[in-house]
Each structure stands twice: as structure tokens, then as C-alpha cells.
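In the working numbering, the protein residues as written are -19 to 148.
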Ligand code: S3P
């Protein structure tokens, strides 16, 4: 089985995923990084040139490829849950952990980055609030959810370890 980390941008999926994989001695993969590697260009450029629909197709294809692996911690892009087939695929091949954080915390964490096309807008706070509301029913489909707002990367990784099947 694999561990899929889902959740909104800036909730810590990549940093926590790396830490968790190190702890468990599993492999780690960041789906966004994999897409950039395969495409040889940044996600912002893919969005700008090809649009979101094209990106979502790539994301789905990459998820399928990764999901045939075993013992992988997979940090997923924030929008992966929007496609029900992706959720199905992840549930079939592992456990879905959703990381969440408050809008304020997300804003703080993503404010210095320009590589997130979805948030390259004039009013990022409003955009985050809206997307969090719209995406809530999708993120709710995860097996477990952890609020990362006040936790360190190591604390979140430790919490996930405790939540995993077979752990009390
Ligand atoms: C997206 C989140 C990004 C990336 C793309 C779209 C989204 O990943 O996949 O920019 O729709 O929420 P992160 O959540 O890793 O930033």
C-alpha cells in the first residue's frame, strides 16, 4: 500500500511527506515534481500554455503510474481530489491522509511563492477562502484529516504514523 497526502496548497504535503518517508524508510514522490520532470517545464508554464484541463490529465496519468508502486509516500497536488477517479485509484492502492490548515496559515505559507498558478491572482486570500469552501466536500473523502496549522513537520509526520492501520 501507499500513503497519499492530499489537501490544499501550503498545508505541508511535500515537507511532511519527505519526513514521513524518511521515518518509515519508504520511498517519497511529489507528483507535481514528477510532472515537471517528465514535461521538462514548470507547472506555471503548463497552466499558461496548455491550461488546467491539460494539467489535470497529466496529473491523473502520473497518479496511475505511481499507484502501481508499493510503500510510497505520495505528496499530491492540491487539486487531485477534484477527479473522483483519482480518489478511487488512491483508495484502492493505499490510504488517503488530508492535511489542512487555516486560511491565514495557508496565506502565510504560500505568500512568498510564485509557482502556484491557482494563487497568482490579485486577491489570493479571497481565492483561498473560496477554493477551501468549494473543495471541502472533496477533501472530506480522505480517510483521515490532520490540522497542520500549529504543528511542526515532525509533529505532523508522527501523527500520521499513529493514524496508520495497525497502530493504536
Ligand atoms: C494545485 C496545487 C498545486 C499544483 C497545481 C494546482 C491546486 O500543488 O498541483 O498548481 O489546484 O490546488 P500543491 O498543492 O502541491 O501546491
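Glycine is no exception: its CB is placed at the ideal position from the N, C-alpha and C atoms.
| field | Identity of the residue in 28, 77 and 31 nearest residue 122 by Cα | value | 77
| task | Indicate, with yes or no, if the ligand S3P has a heavy atom lying under 7 Å from the CB of residue 114. | result | No, since every heavy atom of the ligand S3P falls outside the 7 Å radius drawn around the Cβ of residue 114.
| Cβ neighbour criterion (16 or more within 10 Å) applied to residue -16 | buried
| said: Under 6 Å, CB to any heavy atom of the ligand S3P. Which residues pass, going along the chain? | reply: Those satisfying the condition are, in chain order, -11, -7, 12, 23, 57, 58, 59, 96, 97 and 98.
| request: Within 10 angstroms of the Cβ of residue 70, are there 16 or more other Cβ atoms? Answer buried if so, exposed if not. | output: buried
| task | Can you give me the start and stop residues for the alpha helix (DSSP H) that residue 90 sits inside? | result | Run containing residue 90: 83 to 90, per the alpha helix (DSSP H) assignment.
| query | Can you list, in chain order, the residues of its chain whose CB lies under 8 Å from that of residue 7, leaving out five sequence neighbours each side? | reply | 1, 49, 51, 52 and 53
| query | Helix, strand or coil for residue 124 per DSSP? | reply | The answer is strand: DSSP assigns residue 124 an E or B state.
| field | For residue -12, three-class secondary structure by DSSP | value | coil
| query | Looking only at DSSP bridge pairs, what is residue 78 linked to? | reply | -14 and 125
| Given a threshold of 16 other Cβ atoms within 10 Å of its Cβ, counted over all protein chains shown, does residue 99 qualify as buried or as exposed? | With 16 or more other Cβ atoms inside 10 Å of its own Cβ, residue 99 counts as buried.
| Looking only at its own chain, which residues have a Cβ that is under 8 Å from the Cβ of residue 144, when we skip the five neighbours before and after it? | -17 and 75
| said: So for residue 1, helix, strand or coil by DSSP? | reply: helix
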